[in-house]
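Student:
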Amino acid sequence: LASGDMTFFKTLGMTVLWTASNVVLHVAIGVFLALVLSQAKLRFKSLYRVLFIIPWAVPNYITALIWKGMFHPELGAINQLLHIEGFSWMNATWSAFLANLATNVWLGFPFMMVIALGGLTAIPKDLYEAAALDGAGSVRRFFSITLPLLMPTLAPAIVLGTGGTFNQFNV
């Protein structure tokens, strides 16, 4: 293959990895937070919902600039948090990938969380009660009830999120 062909395949591979990594993390974090926020006994539930939706409400460009500052080699909060001095996240392929992944996951999980919260409200509570009476633990209930009944709600959001992330050039 010619050099240009290899560049194309490398770029395509990174784009596919970018999209898959983001969508998996968006869904996993979104569903996890939706499960936490759907707990009846959770105090300050409305406050948490508002706080978790803020990343979605802030324009992508502003968020990208904020995270760029957080990954600054000398003054960035990430290096200070990790106790690393002078590490430039954007100078190497994989560290830049991880920095941008963190930024885009911050932008994308609220959408999946809102979708999952909506889907969770449609699942009848008596299914969980019946499963608990049959001796199913929380993990079994999640994989036998929650996830299968949540997939019709999540599937279109995953398709939408995949297309949006594949075309995401702001970050």
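Yeah, the sequence shown ends on 169 if you go by the numbering used here, and it's all consecutive. Just so you know, even glycine gets a beta-carbon here, dropped at the ideal spot from N, CA and C. Source: prediction; values computed, not measured.
1) Starting from Ala153, trace the alpha helix (DSSP H) in both directions and tell me its first and last residue.
2) How many Å lie between Ser36 and Leu118 at the Cα?
3) Does His24 come out as helix, strand or coil in the three-state DSSP assignment?
4) Per the contact definition of three or more C-beta pairs closer than 8 Å, is the segment 146 to 161 in contact with the segment 12 to 30?
5) By DSSP, does Arg139 sit in helix, in strand, or in coil?
6) In its own chain, which residues sit with a C-beta less than 7 Å from the C-beta of Thr17, not counting the 5 before and 5 after it?
7) Enumerated in chain order, which unbroken segments of the alpha helix (DSSP H) with a length of 4 residues or greater are wholly contained in the segment 19 to 78?
8) So, at 6 Å on beta carbons, what are the nonlocal neighbours of Phe182 in its own chain, with the 5 sequence-adjacent residues on each side left out?
9) CB Ile143 to CB Leu125, shorter than 8 Å?
10) Do Met111 and Gly11 count as a contact pair if the criterion is CB distance below 8 Å?
11) Going by DSSP, what residue range makes up the alpha helix (DSSP H) through Ser86?
Tutor: In brief:
1) Leu145 to Phe164
2) 8 Å
3) helix
4) yes
5) helix
6) These residues qualify, in order along the chain: Thr160, Thr163 and Phe164.
7) 43 to 55 and 58 to 68
8) Coverage of the chain is limited to positions -1 through 169, which leaves residue 182 absent and any answer about it impossible.
9) Taking 8 Å as the Cβ cut-off, Ile143 and Leu125 qualify as a contacting pair.
10) no
11) Premise fails: Ser86 is in no alpha helix (DSSP H) and is neither H nor E.
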